[in-house]
Amino acid sequence: MSDQDTILNDVTQSEYKYGFVSAIESETIPKGLNEGVIRLISAKKNEPDWMLEFRLTAYRNWLKMKMPEWAHLKIPEINYQDIIYYAAPKQQAKYESLDQVDPELLETFNKLGIPLDEQKMLSGVAVDAVMDSVSVKTTFRDTLAEKGIIFCSFSEAVQEHPDLVREYMGSVVPPTDNYFAALNSAVFSDGSFCYIPKGVRCPMELSTYFRINAANTGQFERTLLVADDDSYVSYLEGCTAPMRDENQLHAAIVEIVAKTNAQVKYSTVQNWYPGDKNGKGGIYNFVTKRGLCQGKGSKISWSQVETGSAITWKYPSTILLGDNSVSEFYSVAVTNHHQQADTGTKMIHIGKNTKSTIVSKGISAGQSNNSYRGLVKISKRAEGARNFSQCDSLLLGDKCGAHTFPYIECENNSAILEHEATTSKIGEDQIFYCNQRGISTEDAIGMIVNGYAKQVLNTLPMEFAVEAQKLLQISLEGSVG
Amino acid sequence: MLHIKNLKAGVDGKEILKGINLEVKPGEVHAIMGPNGSGKSTLSAVLAGNGRFTVTDGEATFNGKNLLEMAPEDRAREGLFLSFQYPVEIPGVSMVNFMKTAVNEHRKYQGLEPMSAGDFLKMLRDKKQVVEIDDRLTSRSVNEGFSGGEKKKNEIFQMAMLEPKLSILDETDSGLDIDALRIVANGVNKLKNANNATIVITHYQRLLDYIVPDVVHILYNGLIVKTGGKELALELEAKGYDWIKEAVKV
Ligand SMILES: Nc1ncnc2c1ncn2[C@@H]1O[C@H](COP(=O)(O)OP(=O)(O)OP(=O)(O)O)[C@@H](O)[C@H]1O
Ligand SMILES: [Mg+2]
Chain A
3 MSDQDTILND VTQSEYKYGF VSAIESETIP KGLNEGVIRL ISAKKNEPDW
53 MLEFRLTAYR NWLKMKMPEW AHLKIPEINY QDIIYYAAPK QQAKYESLDQ
103 VDPELLETFN KLGIPLDEQK MLSGVAVDAV MDSVSVKTTF RDTLAEKGII
153 FCSFSEAVQE HPDLVREYMG SVVPPTDNYF AALNSAVFSD GSFCYIPKGV
203 RCPMELSTYF RINAANTGQF ERTLLVADDD SYVSYLEGCT APMRDENQLH
253 AAIVEIVAKT NAQVKYSTVQ NWYPGDKNGK GGIYNFVTKR GLCQGKGSKI
303 SWSQVETGSA ITWKYPSTIL LGDNSVSEFY SVAVTNHHQQ ADTGTKMIHI
353 GKNTKSTIVS KGISAGQSNN SYRGLVKISK RAEGARNFSQ CDSLLLGDKC
403 GAHTFPYIEC ENNSAILEHE ATTSKIGEDQ IFYCNQRGIS TEDAIGMIVN
453 GYAKQVLNTL PMEFAVEAQK LLQISLEGSV G
Chain B
891 MLHIKNLKAG VDGKEILKGI NLEVKPGEVH AIMGPNGSGK STLSAVLAGN
941 GRFTVTDGEA TFNGKNLLEM APEDRAREGL FLSFQYPVEI PGVSMVNFMK
991 TAVNEHRKYQ GLEPMSAGDF LKMLRDKKQV VEIDDRLTSR SVNEGFSGGE
1041 KKKNEIFQMA MLEPKLSILD ETDSGLDIDA LRIVANGVNK LKNANNATIV
1091 ITHYQRLLDY IVPDVVHILY NGLIVKTGGK ELALELEAKG YDWIKEAVKV
């Protein structure tokens, strides 16, 4: 091993901070997947018939589908019969007050820095906390309700706002969209639902915090976010999981609908357990996220900081249907050790004068592989469409890989498309230069990586930008070389 | 302040430094000259702790501490500064952030609190004047897109900021225009005092007209083959290296 590798190794071998397991009794159903299991999940959630039908149709479609193989990923065979599809903290599913919540469960979220006690909350952030399959607690619901904003768990939305759910669920990501979307539509357990009425500017950040705790379970949540005309909302999701030797499956769906002049900002700080430094364990993260800029002048912005998961397969996308609609995608994806990420976006321009911006920053260390995959599609009627794409890759060491797969389909000659790409390496020389000025290798890498990712970190809500910055440095600890 | 005894070092099994002896005292200026490839930059890199080179024999102490056992960042914090022959570009990291981190790391090592933003900016302003560095440069990323001469100026600016005990200037004069050479040399002189020392690596007498050395060494083929006063540099300027090479062969 060269000196450089030794240095890199030292800096990137830090431990995953959120890897604890909480001693919470949970109720699980038997392993395996069949129509009976789906009926059981639906029954446990006391769902109406239309919901069960939705699930069963999705399941029957999924059976006919094949796992996608086009991504630049080595995905070990997944035994879908070996997964538990429903796990819930044992207690009543809905808490009237915090006193009824298992203290261990509250403690878990406290440890994660997500206090569910509204007094203690970061001011200006409402949280929906999802543990394993079930939403534990949604804070600030009453405050939001005064403005007509609905922010609750998906299960509650099915019971209390069935018309809204029926109208929009599956309208952006149809159950047949892809293999993992079909699986999710069949077995999804919970998630968040959010509706912002016409003309309302959501007064606080909304956020969903996902935690996988139980062993051998998959997590399949879905988020549905509808922003009515002239409304605004900023939404953030975060996620962590205990360290376990086996791989766990996470297959989520996020759907966003933005109506006329509505603006939605969707930020993700993804920190699922990435597996250990030898590549053992970790979450398989197969996620379908898509927004529909349905109305004229609407805007959807995606910001993501992806540092976790053993495998990430994720392409937050936007369909720019309304004329003059705008979408942005800002992404930092870090892979270290044996992590693999294939992530990017799709911008589908349909409306006139639609605009999209893509800024993707990949950082690879260790023996990891990091791919950007993006599609910019300009349809025939998208007169005057514009896209700017920038895809940068940063390498630490020489055993990792960075790849970019930009695809362009353009059917309208008036479109203006720009694409820039760079690949750079944190060199031994740069690190030594910093060392010579009294800066440790770890700090040097943190400084360089944060400088590189600044453009994306700046798009995150303030409270989370600082967290994300630290997270970047931590995820690269023990990887410097 | 710096004692080097029989220092041998190389890379990938190839020996480059073959037994260097050198002693530098506070207040002194030493010049090291020598033909291309003789090992001057290697010596500075080894002293600064560049992990690319392996030390195979010998000793080096700095302020009474074993230099060779220290991490490169600790050598810097102890007061060893290297002005690089080829300064490195670090895109995305602003000069201001870089210097602030460096200065505060030095302070931490000395048990001092981090500098306040106000004091830091004042220091930045003062030190910029030492080398008459352009304001535009300090608002950019470290060395990114700097011209060759600007990079060299920036090295001396950093030296001014960090106030080292021992500065090794590796061909800081190359790439500087005539005016810049004078400015940089004056800057170095201004920073000089009875408690610090400078090692100037150069090919040209020109620089030594400004920074007048107490001792001149000739490094050839990994060894210091001749040591003299400032007149040795003049002799080299007049005669070249052939006579040295001849003398060594014998
Ligand atoms: N990383 C390396 N790998 C292999 N050889 C090296 C390496 N670094 C230096 N050398 C060799 O060591 C010898 C000394 O190089 P060094 O850079 O120290 O010379 P120098 O005296 O500074 O020369 P110059 O006056 O041209 O700057 C040269 O032959 C050079 O090729
Ligand atoms: Mg040299």
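Chains A and B are the protein sequences, given in the same order. When we follow this note's numbering, the leftmost residue of the first sequence carries the number 3, and every step to the right adds one. When we follow this note's numbering, the leftmost residue of the second sequence carries the number 891, and every step to the right adds one. All residues carry an ideal CB built from backbone N, CA and C; glycine is no exception.
Buried versus exposed call for Asn180(A) [16 or more other C-beta atoms within 10 Å across all chains shown]: buried
Helix, strand or coil at Ala899(B) according to DSSP, with G and I counted as helix: strand
Alpha-carbon to alpha-carbon, Thr262(A) and Lys200(A): 9 Å
Proximity below 8 Å, CB of Leu1109(B) to CB of Asp1063(B): no
Boundaries of the beta strand (DSSP E) in which Arg375(A) is found, first to last residue: For Arg375(A), the enclosing beta strand (DSSP E) begins and ends at Asn371 to Ile380.
Where Asn1044(B) sits in the DSSP three-state scheme: helix
Host alpha helix (DSSP H) of Asn389(A) (start-end): Here Asn389(A) belongs to no alpha helix (DSSP H); instead the beta strand (DSSP E) covers Arg388 to Leu398.
Cβ-based contacts, 7 Å cut-off: residues of the segment 946-963 of chain B near chain A: Pro962 and Glu963
8 Å Cβ cutoff, Phe974(B) in contact with chain A: yes
Counterpart residues of Phe407(A) in DSSP-defined beta bridges: Arg375(A)
Chain B within 8 Å of Ile485(A), Cβ atoms only: Summary: the structure shown does not reach residue 485(A), with chain A confined to residues 3 through 483, and so no result is reported for it.
Three-way DSSP call (helix, strand, coil) for Ser125(A) in this model: Per-residue confidence for Ser125(A) stands at a pLDDT of 46, beneath the threshold of 50, marking its modelled position as unreliable; the derived number appears in the next sentence. Reduced to three states, the DSSP call for Ser125(A) is coil.
Beta carbon shell of ligand 3 at less than 5 Å from a heavy atom: As presented, the structure is devoid of ligand 3, carrying ligand 1 and ligand 2 as its sole ligands.
Glu71(A): CB within 7 Å of a non-hydrogen atom of ligand 2: No, the beta carbon of Glu71(A) sits no closer than 7 Å to any heavy atom of ligand 2.
Contact check, Ser327(A) vs Ser303(A), beta carbons under 8 Å: no
Member of His351(A), Ser305(A) and Pro276(A) whose CA lies at the smallest distance from the CA of Lys298(A): His351(A)
Status (buried if at least 16 other CB within 10 Å, exposed otherwise) for Gly903(B): exposed
Under 9 Å from the C-beta of Leu855(B): neighbouring residues of chain A: Chain B is shown from 891 up to 1140; residue 855(B) falls before or after that span and cannot be answered.
Chain-ordered neighbours of Glu995(B) on chain A, where CB pairs are closer than 7 Å: Gly440 and Ile441
Presumed contact (8 Å Cβ cut-off) between Ile869(B) and Ile1023(B), rounded CB distance: Chain B is shown only over 891 to 1140; residue 869(B) falls outside these bounds and no answer can be derived.
Proximal residues of chain B, C-beta to C-beta of Gln432(A) below 7 Å: What Gln432(A) touches in chain B: Val978 and Ile980.
Other residues of its chain near Ile1073(B): CB distance less than 8 Å, five sequence neighbours each side excluded: These residues qualify, in order along the chain: Val1021, Glu1022 and Lys1043.
The segment 456-475 of chain A: positions lying closer than 8 Å to chain B by Cβ: Lys456
DSSP-derived helix/strand/coil call for Val13(A): Per-residue confidence for Val13(A) stands at a pLDDT of 39, beneath the threshold of 50, marking its modelled position as unreliable; the derived number appears in the next sentence. Of the three classes helix, strand and coil, the one that applies to Val13(A) here is helix, per DSSP.
Given 8 Å, three or more beta-carbon pairs between the segment 954-962 of chain B and the segment 420-430 of chain A: Using a Cβ-Cβ distance cut-off of 8 Å, the segment 954-962 of chain B and the segment 420-430 of chain A are not in contact, since fewer than three pairs of beta carbons, one from each stretch, lie closer than that value.
Spatial neighbours of Gly1077(B) in its chain, beta-carbon cut-off 7 Å, leaving aside the 5 residues before and after: Val1020, Val1021, Ile1046 and Ala1050
7 Å Cβ cut-off: residues of chain B touching Asp445(A): Thr991
According to DSSP, residues forming a beta bridge with Val271(A): Gly240(A) and Val307(A)
Outcome for Ile43(A) when other beta-carbon atoms lying within 10 angstroms are tallied against a minimum of 16: buried
Segment limits, beta strand (DSSP E) that includes Val914(B): Lys904 to Val914
N-terminal and C-terminal residue of the alpha helix (DSSP H) that Val202(A) is part of: Here Val202(A) belongs to no alpha helix (DSSP H), and DSSP marks it neither H nor E.
Helix, strand or coil at Cys436(A) [DSSP, three-state]: helix
Sufficient close CB pairs (3 or more, under 8 Å) joining the segment 399-406 of chain A to the segment 358-378 of chain A: yes
8 Å Cβ cutoff met for Asn273(A) and Phe222(A): Against a cut-off of 8 Å, the Cβ pair of Phe222(A) and Asn273(A) comes out as no contact.
Buried or exposed (CB count within 10 angstroms, at least 16 for buried), Leu1002(B): exposed
Cβ pair count under 8 Å reaching 3, the segment 976-985 of chain B against the segment 435-442 of chain A: Yes, the segment 976-985 of chain B is in contact with the segment 435-442 of chain A.
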